[in-house]
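In the working numbering, the protein residues as written are 2 to 223. We put the beta carbon where it would ideally sit given N, CA and C, even for glycine.
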């Protein structure tokens with residue numbers, strides 16, 4: 002199965018104030034493939050990722066998954082994000098009144114797991130990323146890096162087919178960032194997901210199956 006991005010364009014504003022951010026983006030990503038988007042600030046990376054996640058609508062073009070529109074008149078982006086898409090933001094956006102494991106359990110239950118199944122999976126994921134000793138603490142007791150690691154594991158909780166990540170390691174030190182991306186890539190391979198990640202950290206580029214570089218709203222190299 003393949004994610005196909007076809008001639009995606011996006012502009013903001015109107016008339017003389019219109020700014021074209023994406024200018025015909027085309028590429029495919031196969032199951033099990035880990036793609037990194039790179040480019041200078043303002044090149045259109047985050048806009049593209051938010052369109053792929055259904056958080057923003059393109060002006061033109063289409064997104065196909067398994068030869069069918071990923072978003073259609075019948076589908077609800079919010080429902081797709083719960084069942085098909087995992088989105089990791091640059092900020093963790095944890096729920097302040099939920100303990101660490103409950104951040105993940107809530108997603109699992111909403112996606113259709115029993116609470117027991119969700120708890121088992123949450124503990125497994127958090128153990129994998131070195132947070133098994135922080136299961137029962139609230140977000141305000143975590144470091145910035147710990148919060149982001151929880152957010153990364155939360156995105157894997159619903160067994161998504163597509164993982165989208167916007168600078169997920171920005172708040173992590175070099176050693177932890179490398180560890181997280183290694184785990185990220187292994188999870189993508191093992192579960193045959195499609196993964197697209199934005200990063201400015203050149204040390205992480207070696208983990209990508211493919212690097213797509215954007216400049217001024219266009220793909221200039223892949």
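- In this structure residue 188 is not in contact with residue 173, their Cβ atoms being roughly 16 angstroms apart against a cut-off of 8 angstroms.
- Here residue 3 has 29 and 31 as same chain residues with Cβ atoms under 6 angstroms from its own Cβ, once five neighbours each way along the sequence are excluded.
- Secondary structure of residue 15 (DSSP, three-state): coil.
- Bounds of the alpha helix (DSSP H) holding residue 128 are 116 to 129.
- Distance from the CA of residue 212 to the CA of residue 120, rounded to the nearest whole angstrom, comes to 35 angstroms.
- For residue 180, no pairing in a beta bridge is given by DSSP.
- In the three-state reduction of the DSSP assignment, residue 221 falls in the strand class.
- Exclusion of the five residues before and after residue 186 leaves 35 and 208 as the residues of its chain whose Cβ lies within less than 7 angstroms of its Cβ.
- In terms of Cβ geometry, residue 162 and residue 66 form a close pair [threshold 9 angstroms].
- If you draw a straight line from the Cα of residue 131 to the Cα of residue 200, it comes to about 22 angstroms.
- A straight-line Cα-Cα distance of about 43 angstroms links residue 217 and residue 133.
- Residue 61 counts as exposed, since fewer than 16 other beta carbons sit within 10 angstroms of its beta carbon.
- Distance from the CA of residue 158 to the CA of residue 197, rounded to the nearest whole angstrom, comes to 17 angstroms.
- Between the alpha carbons of residue 11 and residue 115 lies a gap of roughly 40 angstroms.
- Per DSSP, the beta bridge partners of residue 86 are 163.
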